[in-house]
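So the protein lines, in turn, are chains V and E.
All you need for our numbering is the position in the first sequence, starting with 1, plus 6.
All you need for our numbering is the position in the second sequence, starting with 1, plus 784.
The beta-carbon is built from N, C-alpha and C at its ideal position, and this holds for glycine as well.
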Amino acid sequence: MFRIDFNKLRFLVCDDNPHMRRILRTLLHSFGAREVYESEDGATALEMYTHYVPDIVITDWAMPIFDGLELAQMIRQPESKGNPYAPIIMLTGHSEKRRVTVARDAGVTEFLAKPISAKGLYQRILNVVANPRPFIKTKTYFGPDRRRNTNAAYIGPERRVGGQVEVLQQPSLLDKARSTI
Amino acid sequence: MTKNKSDLIDVQKFADHHVITQPNPLRKVLRRVAEEELDDPVARAEKALADLSGEFKQWMVIESERLAAAHAAILKDSFSDTRRDELFRAAHDIKGDAATFGFPSAGAAAESLCRIIEHAPDLANVPSELIAHHINAIQAIVLERTKLDNISMASELSRRLRGVADEYLARVNHDRPEHLEAIMAPSIAPTD
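Below, the structure written as C-alpha cells:
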C-alpha cells in the first residue's frame, strides 16, 4: 500500500471561482501539501507555472479570457523552456463525453468531473504520481499516451504506425470520469 | 521535483510519432506503508471539508446572486457575448459546486440552464420565462432551504425544469444533429 508525501509536492491550482479554490486548498492542505499556488485565470497560471515549476497542475476548464483547455495546450509545448510534462488534472463542471475527449486531446492527464470529492481528487493525484504515462509526440499531438487499452480491431484514422503496442492498461479517461475513483 | 534532464529522457522514434519516456520525477514522494497505518488522508480531508461546511450556505447565496445579476444585466441590455459568457459561467459554477455545498437540486437546475445556454440556436429567441424560471428556482432552493427542507420538493422542481428545457432544446435543435446528440447523451458526472 502506498501513500504520497504531499509535503514534497508543489501544486498549482487554477480556478476563477474563489469558493472552489478554497475547497481545493483545504483538501490539498489536509492531504499534507504545503506548497499550493493559486491562480484565478489561465494567463496568470501560465506565468506561475513557469515561475514556480509545480509538480502537478489542477485546473478548471471554464474561465474568462484564457481557459483551462488553453492552459493545458500552452503547457504541452514540447519546445517550450518550461516543463511540458507536468501532470494536468482537469477539474470541471463539464460533464459531457465529448468534453473528456477534447480535454484528452489537449494533453490533459486526468479528468475529474465536479462535484469534487476528497476521494476522487486523492485517487487522481495518486494515479499521476504512481502511474505516469509515456508521452507521445505526433504532428498534431504532444501529451500523455492517450491509449489506455489495446484494441486490435481499431481501424480509425489516427492509429499510429510502427512500434510495439505497449499500452499501460488503465480504465479509459471517460470511464474514470464517470466514477469518483 | 520536476526538472527534466534531457539526457534522462528516452525517445523512441517511429514512422509518425515519438514515444518519450522519462524517469518518474515524482517517484520519490511515494512511500510504502503498512495496511494498518491509521493515517487516512482522505478521511482527514473529508473532515476538513465538513469543518468548512458552515460557510457553504453563504457561498451558495453569493453564487446565486451572481447568477441573478448576470441575468439582470441581460434583461437590461439584451444578450451580448460577454453577458452570455458571464451567465454561463455563473450557472456552470453552481452546476459544479452546488452538490459539494449541499444543494444538489440547485446544481441540477443550473445544469439545465447551462444546457439551454449552450445548445439553444439563438439565446435571444429562448422564451424569457424559461431562463427566469431556472434562476428563480435556484434562488428559491438556496434561500428557502429551511422551508424547502423537504428535499423531494427541490428535486421535483429541478426535474420538471429539466424536462421543459429538454423538450424545448429537442424541438429547436431538430435539424442540428450534433447538438441533439449532445443533449441526449448521458452525463458522466459521478452520482454519489
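For residue i, which residues does DSSP report across the bridge?
i: P150 of chain V; result: V:F141
i: S971 of chain E; result: The partner list for S971 of chain E (beta bridge, DSSP) is empty, contrary to what the question assumes.
i: T805 of chain E; result: E:D794
i: M96 of chain V; result: V:T65, V:F117
i: F8 of chain V; result: E:R816
i: P17 of chain V; result: Inspection of the sequence shows that residue 17 of chain V is occupied by Phe rather than by Pro. Answer is V:V42, V:I62.
Shorter than 8 Å from the beta carbon of residue i to some beta carbon of chain E?
i: P177 of chain V; result: no
i: F17 of chain V; result: no
i: I64 of chain V; result: no
i: G149 of chain V; result: no
i: E102 of chain V; result: yes
i: D73 of chain V; result: no
i: H25 of chain V; result: yes
i: T144 of chain V; result: yes
i: L77 of chain V; result: no
i: G99 of chain V; result: yes
i: I95 of chain V; result: no
i: K87 of chain V; result: no
i: I81 of chain V; result: no
Name the chain A residues that come within less than 8 Å of residue i, Cβ to Cβ?
i: Y128 of chain V; result: No chain A is present in this structure, whose protein chains are V and E.
With 8 Å as the threshold, decide whether the Cβ of residue i is near any Cβ in chain V.
i: A854 of chain E; result: no
i: N788 of chain E; result: In this predicted model, N788 of chain E has a pLDDT of only 46, less than 50, meaning its place in the structure is not dependable enough to derive any value.
i: M785 of chain E; result: Low per-residue confidence applies at M785 of chain E: pLDDT is 44, beneath 50, and the placement is therefore not dependable, though the value from the model is reported in the following sentence. Output row for M785 of chain E: interface = yes.
i: S864 of chain E; result: no
i: E849 of chain E; result: no
i: H958 of chain E; result: no
i: N808 of chain E; result: yes
i: R816 of chain E; result: yes
i: R873 of chain E; result: yes
i: H802 of chain E; result: yes
i: S971 of chain E; result: yes
i: D906 of chain E; result: no
i: V813 of chain E; result: yes
Whole angstroms are fine: how far does the CA of residue j sit from the CA of residue i?
i: D73 of chain V; j: K797 of chain E; result: 33 Å
i: H917 of chain E; j: I846 of chain E; result: 19 Å
i: I94 of chain V; j: A136 of chain V; result: 14 Å
i: M69 of chain V; j: R105 of chain V; result: 15 Å
i: P84 of chain V; j: R944 of chain E; result: 49 Å
i: E951 of chain E; j: S942 of chain E; result: 14 Å
i: L127 of chain V; j: L814 of chain E; result: 16 Å
i: I62 of chain V; j: E913 of chain E; result: 44 Å
i: H57 of chain V; j: K87 of chain V; result: 11 Å
i: D835 of chain E; j: D823 of chain E; result: 18 Å
i: E830 of chain E; j: A883 of chain E; result: 14 Å
i: P911 of chain E; j: E44 of chain V; result: 39 Å
i: I967 of chain E; j: V948 of chain E; result: 13 Å
i: M7 of chain V; j: S848 of chain E; result: 43 Å
i: L907 of chain E; j: K103 of chain V; result: 24 Å
i: S864 of chain E; j: C898 of chain E; result: 16 Å
i: G99 of chain V; j: P121 of chain V; result: 7 Å
i: V59 of chain V; j: R816 of chain E; result: 26 Å
i: H958 of chain E; j: H855 of chain E; result: 27 Å
i: L30 of chain V; j: A799 of chain E; result: 42 Å
i: G38 of chain V; j: E962 of chain E; result: 44 Å
i: V795 of chain E; j: S971 of chain E; result: 38 Å
i: K145 of chain V; j: A875 of chain E; result: 37 Å
Taking the beta carbon of residue i as the centre, do at least 16 other beta carbons fall within 10 Å, making it buried, or is it exposed?
i: A904 of chain E; result: buried
i: N133 of chain V; result: buried
i: G48 of chain V; result: buried
i: N13 of chain V; result: exposed
i: N909 of chain E; result: exposed
i: D66 of chain V; result: buried
i: D976 of chain E; result: Confidence in D976 of chain E is poor, its pLDDT being 42 and thus under 50, which makes the residue's placement unreliable; the coordinate value appears in the next sentence. D976 of chain E should be labelled exposed.
i: F117 of chain V; result: buried
i: R40 of chain V; result: exposed
i: S896 of chain E; result: buried
i: P138 of chain V; result: buried
i: I793 of chain E; result: exposed
i: I901 of chain E; result: buried
i: R955 of chain E; result: exposed
i: D181 of chain V; result: exposed
i: G838 of chain E; result: exposed
i: S101 of chain V; result: buried
i: I187 of chain V; result: Residue placement at I187 of chain V is poorly supported in this model, since its pLDDT is 48, which falls under 50; the coordinates still yield a value, given next. Exposed, by the Cβ-count rule.
i: S36 of chain V; result: buried
Taking 7 Å as the line, does the beta carbon of residue i fall inside it for any heavy atom of the ligand COA?
i: H25 of chain V; result: Of ligands this structure carries none, so the ligand COA is not represented either.
| field | Any 3 or more C-beta pairs closer than 8 Å across the stretch 111–119 of chain V and the stretch 70–87 of chain V | value | yes
| message | Closer than 8 Å is the cut-off here; do at least three beta carbon pairs connect the stretch 890–903 of chain E with the stretch 872–882 of chain E? | response | yes
| message | Check whether the stretch 51–63 of chain V and the stretch 15–22 of chain V are in contact - that is, three or more C-beta pairs closer than 8 Å. | response | yes
| At least 3 beta-carbon pairs within less than 8 Å: the stretch 920–927 of chain E vs the stretch 862–871 of chain E | no
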